[in-house]
Amino acid sequence: MQTFLVNLLLSLGIASTASATVLLYPNSLPSTLTVECTDALTVDITACDPLVRDLRPDVRPDDCDKCLVERLRLREGSPYGDGPIAASMSLYESMTASCSITGRPIATTTIDYFMATPTPTAKVCEGSTYTIKASEDCYTISKSQGVGTNWLLADNDLEAFCNNFPAAGTSLCITNQCTTVAVSTNATCEAVAVAANITETQLIAWNPSISYGCANLPKMNGSEICVDAPGRKFVAPTDTSALPPLTPTTAAPKPTDAADGSGGAEKPCGRWYSVQQGDYCNLVAIKFGITLPDFFFLNPAVNTNCTNLFALESYCVAAVGDINTYTGRPGFASVTLDPSAPFTGIPYTERPDATETPYPRLYTPLPEATGTRDDCVHYFARDDFQFNLTGSTFGSNCQLAARTYNVDLKDFGLWNPGLGNVSDPACAFEKGVRYCGSWYIRQDNAATPTNDSATPPGPTMSGSPADCDEWVLVTDGLSCADLASEAGISLAQFLAWNPAISSDCLTNY
Numbered sequence: 010m011q012t013f014l015v016n017l018l019l020s021l022g023i024a025s026t027a028s029a030t031v032l033l034y035p036n037s038l039p040s041t042l043t044v045e046c047t048d049a050l051t052v053d054i055t056a057c058d059p060l061v062r063d064l065r066p067d068v069r070p071d072d073c074d075k076c077l078v079e080r081l082r083l084r085e086g087s088p089y090g091d092g093p094i095a096a097s098m099s100l101y102e103s104m105t106a107s108c109s110i111t112g113r114p115i116a117t118t119t120i121d122y123f124m125a126t127p128t129p130t131a132k133v134c135e136g137s138t139y140t141i142k143a144s145e146d147c148y149t150i151s152k153s154q155g156v157g158t159n160w161l162l163a164d165n166d167l168e169a170f171c172n173n174f175p176a177a178g179t180s181l182c183i184t185n186q187c188t189t190v191a192v193s194t195n196a197t198c199e200a201v202a203v204a205a206n207i208t209e210t211q212l213i214a215w216n217p218s219i220s221y222g223c224a225n226l227p228k229m230n231g232s233e234i235c236v237d238a239p240g241r242k243f244v245a246p247t248d249t250s251a252l253p254p255l256t257p258t259t260a261a262p263k264p265t266d267a268a269d270g271s272g273g274a275e276k277p278c279g280r281w282y283s284v285q286q287g288d289y290c291n292l293v294a295i296k297f298g299i300t301l302p303d304f305f306f307l308n309p310a311v312n313t314n315c316t317n318l319f320a321l322e323s324y325c326v327a328a329v330g331d332i333n334t335y336t337g338r339p340g341f342a343s344v345t346l347d348p349s350a351p352f353t354g355i356p357y358t359e360r361p362d363a364t365e366t367p368y369p370r371l372y373t374p375l376p377e378a379t380g381t382r383d384d385c386v387h388y389f390a391r392d393d394f395q396f397n398l399t400g401s402t403f404g405s406n407c408q409l410a411a412r413t414y415n416v417d418l419k420d421f422g423l424w425n426p427g428l429g430n431v432s433d434p435a436c437a438f439e440k441g442v443r444y445c446g447s448w449y450i451r452q453d454n455a456a457t458p459t460n461d462s463a464t465p466p467g468p469t470m471s472g473s474p475a476d477c478d479e480w481v482l483v484t485d486g487l488s489c490a491d492l493a494s495e496a497g498i499s500l501a502q503f504l505a506w507n508p509a510i511s512s513d514c515l516t517n518y
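Each number in my numbering comes from the position in the sequence shown (counting from 1) with 9 added on.
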């Protein structure tokens, strides 16, 4: 039996006779073997034989062991794995012959999940047929029959680029006809679309053989392509007189099995439906294209829970004309109008004048302060600028307000003359009145600052800033405090910007 196994492994290609010792390939061994056994088998196939692994090389297995014979029989008869290979080599037949085993033929099985290939049915042409004439090819036929070349090939299961095109006398199916143009040399999708007054998206949609980006269009030189939708065109019916109206114009006869309350003089019914087993209100409403409230209106006996919709009874599913003209609907009118009667309206001259009712304001504005302009864009109250400015760069709340509204301090004083000298550090606002913060909307120039500085009117002291915006020429009788007050700055700021002047204003002033 060991000799037979060696021959079987050699025949199946999972063992080698490259050397005197029979070798096995590691990936062909069962995963249940130990590492030691696997390593030994790759050296000598007899190393781990169950009968010799206990160091009994004199004992050999039976070459006709019934268990091994039965396993080979089942293996050769199986359509799975290497069964077909073993069957083609007749290994089981050789073994049974050498072992004189009879009455145990191979039990051949088939793969149960494989389905028989169905016989293809003949393709039905949904268009017209055309018989190929002598000297014609796919290019001339597609042009003469008004069909894209690739559509012609695809509809007839033919090879691309007219390879192995059928001979004369063969019938072709012409299905996707369209308006065609021939692809010229160096043509582009954009040029073809512009010439046909269509979009590139339409061109590619009507010609699926054109690749994304039209990269393969040059290879289609000489082919016909569609510049309108391929296939059969919609033809509107010429006579619609026999078609039933979408909205019934006359009442349908009331069936004998009509539900109670459905139909009648006030609610004539244009169509009836016999409810079947399994129907419910929503289903019936959807089936006949009406709303659920309309269904309940036409069939008042049906409750809103639809628990009393009875099978084999007929219910109204369509009104006659506009349902809103029925009694109880929004469009119902109890008077009869004469369309020929002239319309009497109210003359324009007799119509009353429109009156305006001013809306109440959310708050009552404060009165303007004495002398303050009454046409300013922005106003503010005293409480808006009532801050302790100690340690800040602002000399007064007046200066802070002017800077807040981005206006010049002198203009601020002109708009609010009641404040007096707005450069005075004692400048303050009166309670209970409002002041003009901005007479006009001033464009903010902060985004485009300028580096220009004012030109001194006379000689300057050392240490003065080079970017000073305003200079003052000192005259007799003006003290440091007077200059700072007129400029609207504090004395500390004045001394900081003029470091050459002593703190007592006696030196270099």
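We put the CB at the ideal spot given by N, CA and C, even for glycine.
Let me confirm a value: tyrosine 139 is counted as buried when at least 16 other C-beta atoms fall within 10 Å, else exposed. Which label applies?
buried
Taking the DSSP output, what are the residues bridged to serine 144?
Bridge partners of serine 144: none, in fact.
Please give me, in chain order, every unbroken run of the beta strand (DSSP E) with length at least 3 that falls completely inside the stretch 307-376.
323-328
Is cysteine 229 near valine 192, with beta carbons less than 8 Å apart?
Position check: residue 229 holds methionine in this sequence, whereas cysteine was assumed. Yes, Cβ-Cβ distance for methionine 229 and valine 192 is below 8 Å.
Tell me the rounded alpha-carbon separation between glycine 112 and threonine 128.
Glycine 112 and threonine 128: Cα-Cα distance of roughly 39 Å.
Between the CA atoms of phenylalanine 403 and leucine 515 - distance to the nearest angstrom:
25 Å
Out of Cys385, Val431, Cys445, which one is the CA nearest neighbour of aspartate 393?
Of the candidates Cys385, Val431, Cys445, the one whose C-alpha sits nearest the C-alpha of aspartate 393 is Cys445.
Between the alpha carbons of isoleucine 110 and proline 93, how many angstroms are there, rounded?
22 Å
Quick one, are the C-beta atoms of alanine 268 and asparagine 308 less than 8 Å apart?
For the pair alanine 268 and asparagine 308, the CB atoms are nearer than the 8 Å cut-off.
Using C-beta distances below 8 Å, list every residue in its chain close to aspartate 166, excluding the 5 sequence neighbours before and after it, in chain order.
Excluding positions up to five away in sequence, the list reads Lys132.
Residue interval of the alpha helix (DSSP H) (run including cysteine 108)
100-108
Pop quiz: phenylalanine 438 and arginine 391 are said to be a contact at Cβ under 8 Å. What is the actual Cβ separation, rounded to whole angstroms?
Right, their Cβ atoms sit about 4 Å apart.
Best match in Pro277, Ser494, Thr373 for proximity to asparagine 430 [C-alpha to C-alpha]
Asparagine 430 has its Cα closest to that of Ser494, out of Pro277, Ser494, Thr373.
Along the chain, where does the beta strand (DSSP E) that runs through leucine 181 open and close?
180-183
8 Å CB neighbourhood of phenylalanine 305 in its chain, flanking five on each side removed:
Cys290, Val311, Thr313
Where do the N-terminal and C-terminal ends of the alpha helix (DSSP H) with cysteine 407 fall, by residue?
406-413
DSSP state of threonine 128, grouped into three classes?
DSSP places threonine 128 in the coil class of the three-state scheme, outside both helix and strand.
Bounding residues of the beta strand (DSSP E) (the contiguous stretch that carries cysteine 235)
233-235
Per-residue DSSP class, three states only, for tyrosine 449:
coil
Under 8 Å: do the stretch 357-364 and the stretch 401-419 share three or more Cβ pairs, one atom per stretch?
no
Taking C-alpha atoms, which residue in Trp424, Asp347, Asp491, Ala196 lies nearest to tryptophan 448?
Trp424
On the CB-based measure, 16 or more other CB atoms within 10 Å of its CB, does asparagine 225 come out buried or exposed?
Burial call: exposed.
Need the endpoints of the alpha helix (DSSP H) that glycine 86 sits in, please.
75-86
Starting from cysteine 477 and walking both ways along the alpha helix (DSSP H), at which residues does that stretch end?
Run containing cysteine 477: none; DSSP gives neither H nor E here.
Give me the DSSP bridge partner(s) of arginine 280.
Ala327
Alpha carbon to alpha carbon, how far is valine 386 from aspartate 513? Give it in angstroms, no decimals.
Taking the straight line joining both Cα atoms gives about 44 Å.
Residue burial classification, arginine 80 (beta-carbon count within 10 angstroms, cutoff 16)
exposed
Other residues of its chain near cysteine 489: CB distance less than 8 Å, five sequence neighbours each side excluded:
Leu500, Phe503, Leu504, Ile510, Cys514, Tyr518
Look up threonine 149 in the DSSP assignment and say whether it is helix, strand or coil.
helix
Just how far apart, CA to CA, sit methionine 104 and phenylalanine 174?
If I take the Cα positions, the gap works out to 56 Å.
So if DSSP puts phenylalanine 389 in a beta bridge, which residue, or which two residues, is it bridged to?
Tyr444
Excluding the 5 residues preceding and the 5 following glycine 279 in the sequence, name in chain order all residues of the same chain whose CB lies nearer than 7 Å to its CB.
Excluding the 5 residues flanking it on each side, glycine 279 has same chain C-beta neighbours closer than 7 Å at Pro257, Ala260, Ala261, Ala327, Ala328, Val329, in chain order.
By the 10 Å Cβ neighbour count, where 16 or more other Cβ atoms means buried, how is aspartate 453 classified, buried or exposed?
Bear in mind that the predicted position of aspartate 453 carries a pLDDT of just 49, short of 50, making it unreliable; the figure below should be weighed with that in mind. Exposed, since its Cβ has fewer than 16 Cβ neighbours within 10 Å.
Could you tell me the alpha carbon to alpha carbon distance between alanine 214 and serine 137, rounded to whole angstroms?
23 Å
Among residues of its own chain, excluding the 5 on either side of isoleucine 207, which ones have a beta-carbon nearer than 7 Å to its beta-carbon?
Val236
For aspartate 164, is the classification buried or exposed, using 16 other Cβ atoms within 10 angstroms of its Cβ as the cut-off for buried?
buried
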